[in-house]
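Asker: Residue numbers (this note's numbering): 38 to 323.
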Amino acid sequence: MRRSAVACHSLPPAAAAAALGFGVAPPRALQALTMAAAATTFPPPGTCLPPCHRRRRSSLCSSVSSAASSASAATTALAVEEARRGRKQLAMEPPLYDYLLANVREHPLLRDLREETAAMRGSQMQVSPAQAQLLAMLVQILGAQRCIEVGIFTGYSSLAVALALPESGRLVACERDDRCLEVAKRYYRLAGVAHKVDVKHALAVDSLKSLLESGEASSYDFAFVDADKKMYEEYFELLLKLVRVGGLIVMDNVLWYGRVADPLVSYFSLFFFCFDMINMLGQILD
Ligand SMILES: C[S@@+](CC[C@H](N)C(=O)[O-])C[C@H]1O[C@@H](n2cnc3c(N)ncnc32)[C@H](O)[C@@H]1O
């Protein structure tokens, strides 16, 4: 592939963690370990049992030893599986999120914007401070001059990118909602970066196509997509044309709560697609 696609997200902390591949340790692990401990607390060999219980003891002992061995096999299998996966799961519990928040480098205006947005409908859509810092860092590492963002909302991620850009840098920011844009533009002005941000108030697909029509193919260094998921493939194709070779396209929410790996989701998508098509045909024929 000529350019990289990086998975990032704008979900609430716990969901965001899941989207990044983190998650809560499966309760099965705990169960298996508890089972093993319970099995080893059966009467130890050599315990003197009343005669009427001797027969039972031998059968108890054999069931104890088989329970213990299957539990220990389960524990071993679990350990092997954990080693294979490399313990990549980590729950984003409130203390961990607070720790990140306390240690992330967040511009005071980004903090103000986050706090103002928290009271608004859809505030969970905003990227987290740590994610915004990652985006800013990618822009700086890349030495990006020209960037695109699809899906501004109130401007948190775009403000982080605009602040990371040099004075001569430019960010084309696409958003369809004018109420969100009022907030975003106010913060661009407050932060003194309004001159770097070219807001496109329209459907993002039209804005991207018009950039191509104005001859801007292969002239962007970096793009961040965080908008309507159904359009992701189209955004990606258009951005492949707009972003130069060696540039970076970051797509948010690509793991979508793990549903990307759920085979049932594909079947249901196919079912709903057929359903929509039949409905559409029905409307045309009416
Ligand atoms: C997840 S939010 C973006 C969050 C933003 N990156 C942030 O960190 O605050 C998605 C935004 O995309 C916008 N959006 C959705 N579909 C769009 C489209 N087709 N064209 C333009 N904007 C769109 C929505 O109005 C919404 O504000």
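Virtual Cβ for every residue (Gly too), placed ideally from N, Cα, C. This one's a predicted model, so the numbers in the text were calculated from it and none came from an experiment.
Measuring only from the beta carbon, is Asp263 closer than 6 Å to any heavy atom that is part of ligand 1?
Answerer: Translated into the one-based positions of the sequence shown, residue 263 becomes position 226. Answer for Asp263: yes, Cβ within range of ligand 1.
Asker: Should Met162 be listed as close to ligand 1, given that the test is whether its C-beta is under 6 Å from any heavy atom?
Answerer: Sequence index remark: in the sequence shown, residue 162 carries index 125 (1-based). For ligand 1, at least one heavy atom lies less than 6 Å from the Cβ of Met162.
Asker: Cβ of Gly14 within 6 Å of any heavy atom in ligand 1?
Answerer: The chain is shown from 38 up to 323; residue 14 falls before or after that span and cannot be answered.
Asker: Short of 8 Å in beta carbon distance, which residues of its chain neighbour Ala69, apart from the five on each side in sequence? Order them along the chain.
Answerer: What you label residue 69 is simply residue 32 of the sequence shown in a count that begins at 1. Any reading at Ala69 is ruled out, since the residue's pLDDT is 29, under 50, leaving its predicted position unreliable.
Asker: Please classify Met288: does DSSP put it in a helix, a strand, or coil?
Answerer: The residue labelled residue 288 in the question sits at position 251 within the sequence shown. The answer is strand: DSSP assigns Met288 an E or B state.
Asker: Rounded to whole angstroms, what is the Cα-Cα separation between Lys222 and Ala260?
Answerer: As a working mapping, residue 222 is identified with position 185 in the sequence shown. As a working mapping, residue 260 is identified with position 223 in the sequence shown. C-alpha separation (whole angstroms): 19 Å.
Asker: Considering only heavy atoms of ligand 1, does any lie closer than 6 Å to the CB of Ala173?
Answerer: The count along the sequence shown starts at 1 and reaches residue 173 at position 136. No, the Cβ of Ala173 stays beyond 6 Å of every heavy atom of ligand 1.
Asker: For Arg40, collect the residues of the same chain with a Cβ closer than 8 Å to its Cβ; drop the 5 residues on either side in sequence, then sort them by chain order.
Answerer: As a first step, residue 40 is located in the sequence shown; it is residue number 3 there, counting from the start. Unreliable positioning characterises Arg40 in this predicted model, as indicated by a pLDDT of 48, which lies under 50. The coordinate reading is nonetheless provided below. Hits under 8 Å: Leu277, Val280, Val282, Gly283, Gly284, Leu285 and Ile286.
Asker: Taking Glu212 and Val198 to be in contact with their CB atoms under 8 Å, please state how far apart those CB atoms are, rounded to whole angstroms.
Answerer: Counting from one through the sequence shown, the residue named residue 212 turns up at place 175. Counting from one through the sequence shown, the residue named residue 198 turns up at place 161. With 8 Å as the limit, Glu212 and Val198 do not qualify as a contact, their Cβ atoms being about 14 Å apart.
Asker: Could you give the DSSP three-state label for Glu271: helix, strand or coil?
Answerer: Against the sequence shown, residue 271 aligns to sequence position 234. Three-state DSSP puts Glu271 in a helix.
Asker: Run the proximity test for Arg213: is its beta-carbon closer than 6 Å to any non-hydrogen atom belonging to ligand 1?
Answerer: Here residue 213 refers to the residue found at position 176 of the sequence shown. Under cutoff, so the answer is yes.
Asker: Given the structure, does Tyr225 come close to ligand 1, in the sense that its CB is under 6 Å from one of the ligand's heavy atoms?
Answerer: For this step, residue 225 is matched to residue 188 along the sequence shown. No, Cβ of Tyr225 sits at least 6 Å from all heavy atoms of ligand 1.
Asker: So, at 6 Å on beta carbons, what are the nonlocal neighbours of Ala210 in its own chain, with the 5 sequence-adjacent residues on each side left out?
Answerer: On the sequence shown, position 173 is the one that residue 210 refers to. Counting only Cβ-Cβ distances below 6 Å, and skipping sequence neighbours, we find Glu186, Ile189, Ser195, Val234 and Val236.
Asker: For a test of your reading of the model: does the CB of Cys217 fall under 6 Å from any non-hydrogen atom of ligand 1? Yes or no.
Answerer: As a first step, residue 217 is located in the sequence shown; it is residue number 180 there, counting from the start. Yes, ligand 1 has a heavy atom inside 6 Å of this Cβ.
Asker: Going by alpha carbons, who is nearest to Leu218 out of Thr154, Glu130 and Val262?
Answerer: Here the question's residue 218 lines up with position 181 in the sequence shown. Measuring from the Cα of Leu218, the nearest candidate turns out to be Thr154.
Asker: Taking 7 Å as the threshold (C-beta atoms), are Leu147 and Leu36 in contact?
Answerer: Because the chain in this structure spans residues 38 to 323, residue 36 falls outside the shown range and cannot be described.
Asker: Over what stretch of residues does the alpha helix (DSSP H) that includes Phe305 continue unbroken?
Answerer: Locating residue 305 in the sequence shown gives position 268, counting from the first residue. Residues Pro300 to Leu322.
Asker: Please find out if some non-hydrogen atom of ligand 1 comes closer than 6 Å to the beta-carbon of Phe190.
Answerer: Within the sequence shown, numbered from 1, the residue matching residue 190 stands at position 153. Indeed, a heavy atom of ligand 1 lies less than 6 Å from the Cβ.
Asker: At least one CB of chain C closer than 7 Å to the CB of Thr191: is that the case?
Answerer: No chain C is present in this structure, which holds just one protein chain.
Asker: Give a single yes or no on whether Leu249 has its beta carbon closer than 6 Å to a heavy atom of ligand 1.
Answerer: Within the sequence shown, numbered from 1, the residue matching residue 249 stands at position 212. No, the Cβ of Leu249 stays beyond 6 Å of every heavy atom of ligand 1.
Asker: What are the start and end residues of the alpha helix (DSSP H) that includes Leu171?
Answerer: In the sequence shown, the residue the question calls residue 171 occupies position 134. That run of the alpha helix (DSSP H) goes Pro166 to Leu179.
Asker: Could you check what DSSP says for Leu240 in three-state terms: helix, strand or coil?
Answerer: Your numbering for residue 240 matches position 203 in the sequence shown. It is coil, neither helix nor strand.
Asker: Just list the residues that DSSP pairs Cys184 with in beta bridges.
Answerer: Position 147 of the sequence shown holds residue 184. According to DSSP, Cys184 bridges with Leu208 and Phe259.
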